[in-house]
Amino acid sequence: MDFTDFTDFTTGLLVAIAIIVGIILLMAYIINVVFCAILFEVLGVKKGLAFIPIYNTYRLYKEYKGRVWKSNWGIVYVAVTVISFLLYVFLVVIFLEFIPMLITNVTSGMNAEDAILDIISRLFLWLIVIMVLGVVSTVFNIILSVILYWPLMLTTARKVILVLYLIFGVSQIAGIMNITAENNPDLKSTVNLITIAITIIFIVVALYSAGDIRRQVQSGKKILHDKLDYNSLDNIQINEILVSRKRCLVADNNQAQHNNSIQNMEYI
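The sequence shown begins at 117 in our numbering and counts up by one.
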């Protein structure tokens, strides 16, 4: 392969990657909009806000404050989103730096292995930054996923699906196993298939759980927890009430009314 052919191949690869990433992002956006729109209907938020990326998920975290969790984790979500964006920017920059260096080294007569080692030594600092951002992003994505989805999982089976999704879909265990099992293609294929299957199942379960909560609230079987008045409660009381709600967004109608009456007697 001469220099021109290699350049054409690289350009085609970049275009193909851009198209695939664009399709994935579009699908993720559509799923996110549907998910947020369903929950906004339950929470009394304008459904049109579900079309605003990043803000729609931030708004969900904000609505959870005082109902399920003590703090507004949406602020952390925005920060992690920025970190993830920087991570992808760094990856693109490294890739764009990598290709010209590789072309230069190969055309100068250096073999491929030596060329790659030379590039890694030059981009070592960038690689460290990417690794740090990747670890931070992964850890907080696991935490944020629990905070966002756990309150919606009304059954044990759904919670198990969430845990499996965190292990295979969010923790990047598939990527780690692909690296460690480089010489075992069967294991790599199995892990990748499991990851894809669990991710698809989780998306279906998450959308179904959101819709299930909406149906039960509209039918009167469940009732949305009210936001706590932080001005009239101290930290201990806030934590006790939120724990008593079992970190769930809704409760049985009779149970919620009973709990509200007890809270009114004790704290008001």
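For glycine and all other residues, C-beta sits at the position ideal for the given N, C-alpha and C.
This one's a predicted model, so the numbers in the text were calculated from it and none came from an experiment.
Counted within 10 angstroms of its Cβ, other Cβ atoms place residue i as buried (16 or more) or exposed
i, result
"A322", "buried"
"Y180", "buried"
"M247", "exposed"
"D328", "buried"
"R183", "buried"
"L176", "buried"
"G336", "exposed"
"A326", "buried"
"G138", "exposed"
"Y281", "buried"
"P212", "The question names Pro, yet the displayed sequence has Leu at residue 212. Classification of L212: exposed, given that the 10 Å Cβ count is below 16."
Check whether residue i and residue j have beta carbons under 7 angstroms apart
i, j, result
"L141", "L203", "no"
"I210", "L241", "no"
"T311", "F284", "yes"
7 angstroms Cβ shell around residue i - same chain, five flanking residues per side excluded
i, result
"A153", "K163 and A166"
"I317", "I277"
"R363", "V184, W266 and P267"
Cut-off 8 angstroms between Cβ atoms - residues of its own chain near residue i, not counting five sequence neighbours on either side
i, result
"G367", "It is Ala, not Gly, that sits at residue 367 in the sequence shown. Closer than 8 angstroms at the Cβ level, and outside the excluded window around A367, lie K338, I339, H341, R361 and N375."
"I378", "Unreliable placement is indicated for I378, whose pLDDT of 47 sits below 50; no coordinate value is reported for it."
"M143", "none"
"V149", "A166, F167 and N172"
Integer-rounded CB distance, given that residue j should sit under 8 angstroms from residue i
i, j, result
"Y193", "Y171", "Wrong, their Cβ atoms sit about 10 angstroms apart, outside the cutoff."
"I199", "V252", "6 angstroms"
Bridge-paired residues (DSSP) for residue i
i, result
"A367", "I339"
"W185", "K181"
heavy atom of the ligand HEM below 6 angstroms from residue i C-beta
i, result
"R183", "Although the ligand HEM was asked about, the structure shown includes no ligands whatsoever."
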